[in-house]
Amino acid sequence: MLLQAIAFYVFAAVVIASAAMVVVSRNPVYSVLFLILAFFNAAALFVLIGAEFIAMILVIVYVGAVAVLFLFVVMMLDINMTRLKEGFLDYLPIGALIGAALLAEILFGIGVWGSGSSETVRAFNQAGIPPATVENTRAIGQVLYTQYFYLFQVSGLVLLLAMIGAIVLTLRSRPGVRRQRVADQLYRPKEEAITVVKVPSREGV
Amino acid sequence: MIDTVVLFLTTHWLGQAILILLQCLAVTVPLLVAVAYMTYVDRKVWASIQLRRGPNVVGPFGLLQPFADGLKLVLKETIVPSSANSVLFVIAPMLAFMTALVAWAVVPFADGWVIADINVGILYLFAISSLGVYGIIIAGWASNSKYAFLGALRSAAQMVSYEVSIGFVLITVLLCTGSLNLSKVVLAQSGWFWNWFWLPLLPMFVIFFISALAETNRTPFDLPMSEAELVAGFHTEYSAMTFGLFFLGEYANMILLSALGAVLFLGGWHSPVPYAPFTLVPGVIWFALKIAFLLFIFSWTKGTLPRYRYDQLMRLGWKVFLPVSLGWVVLTAAVLQFGGWLPKP
Numbered sequence: 008m009l010l011q012a013i014a015f016y017v018f019a020a021v022v023i024a025s026a027a028m029v030v031v032s033r034n035p036v037y038s039v040l041f042l043i044l045a046f047f048n049a050a051a052l053f054v055l056i057g058a059e060f061i062a063m064i065l066v067i068v069y070v071g072a073v074a075v076l077f078l079f080v081v082m083m084l085d086i087n088m089t090r091l092k093e094g095f096l097d098y099l100p101i102g103a104l105i106g107a108a109l110l111a112e113i114l115f116g117i118g119v120w121g122s123g124s125s126e127t128v129r130a131f132n133q134a135g136i137p138p139a140t141v142e143n144t145r146a147i148g149q150v151l152y153t154q155y156f157y158l159f160q161v162s163g164l165v166l167l168l169a170m171i172g173a174i175v176l177t178l179r180s181r182p183g184v185r186r187q188r189v190a191d192q193l194y195r196p197k198e199e200a201i202t203v204v205k206v207p208s209r210e211g212v
Numbered sequence: 002m003i004d005t006v007v008l009f010l011t012t013h014w015l016g017q018a019i020l021i022l023l024q025c026l027a028v029t030v031p032l033l034v035a036v037a038y039m040t041y042v043d044r045k046v047w048a049s050i051q052l053r054r055g056p057n058v059v060g061p062f063g064l065l066q067p068f069a070d071g072l073k074l075v076l077k078e079t080i081v082p083s084s085a086n087s088v089l090f091v092i093a094p095m096l097a098f099m100t101a102l103v104a105w106a107v108v109p110f111a112d113g114w115v116i117a118d119i120n121v122g123i124l125y126l127f128a129i130s131s132l133g134v135y136g137i138i139i140a141g142w143a144s145n146s147k148y149a150f151l152g153a154l155r156s157a158a159q160m161v162s163y164e165v166s167i168g169f170v171l172i173t174v175l176l177c178t179g180s181l182n183l184s185k186v187v188l189a190q191s192g193w194f195w196n197w198f199w200l201p202l203l204p205m206f207v208i209f210f211i212s213a214l215a216e217t218n219r220t221p222f223d224l225p226m227s228e229a230e231l232v233a234g235f236h237t238e239y240s241a242m243t244f245g246l247f248f249l250g251e252y253a254n255m256i257l258l259s260a261l262g263a264v265l266f267l268g269g270w271h272s273p274v275p276y277a278p279f280t281l282v283p284g285v286i287w288f289a290l291k292i293a294f295l296l297f298i299f300s301w302t303k304g305t306l307p308r309y310r311y312d313q314l315m316r317l318g319w320k321v322f323l324p325v326s327l328g329w330v331v332l333t334a335a336v337l338q339f340g341g342w343l344p345k346p
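Top line first, the protein sequences correspond to chains A and B. For the first sequence, the numbering used here assigns the number 212 to the last residue and increments by one with no breaks. For the second sequence, the numbering used here assigns the number 346 to the last residue and increments by one with no breaks.
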C-alpha cells in the first residue's frame, strides 16, 4: 500500500510538473514532449486505480497518434516563441477565467460523484455486473454496447463528421498533376506494354 | 536452504523485487544474444541469396562477427554535432532501444512463462509499439540535419499509417479469442496446426506480416534509410553506440513483431501436432522456432524485393490495407455472431 502511495505521488507530481513545463518552456518542441510525458504519467495514474483499459487507450490514442501529429506540425513550422509570448499578459485574464471554469467543473463533478449512486453505477447494476469482479475491458464493453449504445453511435458520427470536414477542407484538385493510376497500369494489354525484339547474333540491336 | 531462498523470493518485498529483476534479466540477456545473432543470420541469408559467403572470418563460420561489430561500436567515439540539440540527441536512441525492450514484458514464452500476465496484453503491445516512433522522430529533429529530418518524417508517417492496419488485425484476433490477454490468445489456438489463426485469418496474417515489415522499416519499406536519397535517414548523424542502440532497437523490434506474429497467428508455444513426441518438446522451443521462421522471411524479403516508392507505400497502407482489414473485421464479427462461434467469456 505504501509503495502504491509513493507511486501515486511520483506520477502525480510528474504530471503537474510536466503540464506546467508545457506552458512555460521556450521551445514548442519541448512543450509537445512535456505534453507527452504528462499523458504518459496520467496513464500510469489510471493503471494505479485499476483502469488499465483506459490507461492503454490513453497511450495509444493520445501519445501514439495525436501527439505525433502535434510533434509533426510543431517541427515543420518555424514558430518564434518569444513573439508568441508577447501577448501573454493580455490573454492572462481570459486564460485564467477558462482555467477557473474547468477547475470548478471538475470540483463540481467530484462533489456529485461522491453523493449517492451515479448513473454509471446504476447502469452497471442494470447490466448485472458487480463492478469489482469483471476485468474492466469487458465491463466497459457490456455497458457501452447496451446501455449507452445510442450515445456511442452519436459520438462515432461526430468523429466521422470531423473526418469528412477535414477531408473537404484540404481536398483540392490541381490541374496538370501526373498521378499514378494503378488500375490503368494493370489493365494495359501486353501488346501495348512490351515489344519483343529478336536480336540477331553478333550484330546487336 | 533452497526452501528459505524460495520463501524469501516469494514473500519478502525485497525478495520479490530481486525476483522481478532476475526475470527481466532472464528475458533481456537471451534477447540481446538473439539480436546479435539475428544480424549474423541476416547477413548469412543475404549472402546465400546473392551467392556469396557472408561473414566467415571472425571465429568459426564467422560466429563471433556480431560481437566484433558490437565491440567496434562500443570503442568508437560518440560524436554529437555542434548544432544538434544535445540532450534530445542522446535521449532519442535510448528511447528507441527501450521501447523495443519493455514490450517483451507481456510476451508469453511458454505456458505461464511471462513476466507480467496482464489483462490488456495486446493493447499494451500496441501502445508500446506506437511509442517507438518517438525515438526516431526526436532523433531526426535533434540532429538538426535535413537528411535526418526527412528520414524521420518519412519514418513517422510510415509507422503511423501501418499501425492502423495492425490495429485492425489485432481486433480481428481478439474477436476470435474474446480476451486481450496474450496467454489466453495462445490457449485459444490449441490443437492441430490448422487450428492456429493463420489459416482462418490468412489475409490478416499476410497484412500483419507486411505491416510488420513497414513498422520495422525493413525492405521493401526501408525508405527512411534509403541511402540513395537520404544518406542513412534519421540516424545519419549518429555514430558509435548511439547508432548501435538504434540498430539493436530495430532488430529487437523485428524479433518482437515476429514473436507477436507467432503468438497471434502461429499458436505461440503450441506444438503443430498435439501428440507425443511433439508435445514432449518444451513450448519455449516451439515458440523460438516459430519466431525464427518469421525472422527468416524477414531476411528473405530483404534479399529479394526492391524498395517501394514513397507514394506507393502510402497508397498501399491507406487505400489497400485499411479497407481490406476493416472489411475483414466486419466479416469476422458477422461470421462469429451468426455462426454462433463467439468465444465464451
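Heads up, the beta-carbon is just placed ideally off N, CA and C, and yes, glycines get one too. The structure displayed is predicted, hence computed values, not measured ones.
Classified as buried, Trp105/B has 16 or more neighbouring CB atoms from the shown chains inside 10 Å of its CB.
Secondary structure at Pro67/B: helix, using DSSP grouped into helix, strand and coil. Under the Cβ criterion (8 angstroms, minimum of three pairs), the segment 100-116 of chain A does not count as touching the segment 158-171 of chain B. Residue-level contact by beta carbon holds for Ser131/B and chain A, with a gap shorter than 8 angstroms.
Tyr16/A counts as exposed, since fewer than 16 other beta carbons sit within 10 angstroms of its beta carbon. Excluding the 5 residues flanking it on each side, Phe41/A has same chain C-beta neighbours closer than 6 angstroms at Ser25, Met28, Val29, in chain order.
Inter-residue distance for Ala108/A and Gly118/A is about 15 angstroms (C-alpha atoms, whole angstroms). Neighbours of Ala58/A across chain B, judged by C-beta separation under 7 angstroms, do not exist; the nearest C-beta is about 10 angstroms away.
Only Gln187, Val189 from the segment 176-204 of chain A bring a Cβ to less than 8 angstroms from some Cβ of chain B. Using a Cβ-Cβ cut-off of 8 angstroms, Leu151/A does not count as an interface residue toward chain B, since no Cβ of chain B sits closer than that to its own.
Where Gln154/A is concerned, there is no enclosing alpha helix (DSSP H), because DSSP gives it neither an H nor an E. Within chain A, the residues Val36, Met82 have their CB atoms less than 7 angstroms from the CB of Trp142/B, given in chain order.
For His13/B, the number of other beta carbons within 10 angstroms of its own is below 16, and it is reported as exposed. For Asn254/B, not one C-beta of chain A is nearer than 8 angstroms to its own C-beta. Secondary structure of Ala58/A (DSSP, three-state): coil. Annotation: Asp85/A is outside any alpha helix (DSSP H) and is labelled neither H nor E by DSSP. Residues of chain B whose Cβ lies closer than 7 angstroms to the Cβ of Val17/A do not exist; the shortest such Cβ separation is about 16 angstroms.
Rounded to the nearest angstrom, the gap between the Cα atoms of Lys291/B and Tyr135/B is 29 angstroms. Counting only the Cα atoms, Ser83/B lies some 17 angstroms from Phe244/B. Under the Cβ distance rule, Asn145/B does not count among the residues neighbouring chain A, no pair being separated by less than 8 angstroms. Going by DSSP, Arg44/B is part of the alpha helix (DSSP H) stretching over 14-50.
The Cβ atoms of Glu216/B and Ser130/B sit closer than 8 angstroms to each other. Leu64/B is the residue among Leu64/B, Leu52/B, Gln51/B, Ile21/B whose C-alpha sits nearest the C-alpha of Tyr41/B.
Taking the Cβ atoms as the reference, Val36/B lies roughly 6 angstroms from Leu249/B, within the contact range of under 8 angstroms.
Residue-level contact by beta carbon holds for Val75/A and chain B, with a gap shorter than 8 angstroms. Taking a Cβ-Cβ cut-off of 7 angstroms, the neighbours of Met63/A in chain B comprise Val121, Leu124, Tyr125, Ala128, given in sequence order. Within the segment 301-317 of chain B, the residues whose Cβ lies closer than 8 angstroms to some Cβ of chain A are Asp312, Gln313, Arg316, listed in chain order. Ala169/A has its alpha-carbon roughly 22 angstroms from the corresponding atom of Val66/A.
Your pair Asp223/B and Arg308/B checks out as a contact, with CB atoms roughly 6 angstroms apart and the cut at 8 angstroms. Residue-level contact check: Phe41/A does not touch chain B, since none of the beta carbons of chain B fall below 8 angstroms from its beta carbon. The C-beta of Val66/A comes closer than 8 angstroms to at least one C-beta of chain B. Scanning Leu267/B, Pro67/B, Trp199/B for the CA closest to the CA of Tyr38/B turns up Pro67/B.
For Ile116/B, the three-state secondary structure derived from DSSP is coil. Scanning chain B for C-beta atoms nearer than 7 angstroms to the C-beta of Leu78/A yields Ile138, reported in chain order. Of the candidates Leu258/B, Leu154/B, Ala128/B, Ala128/B places its Cα closest to the Cα of Tyr69/A.
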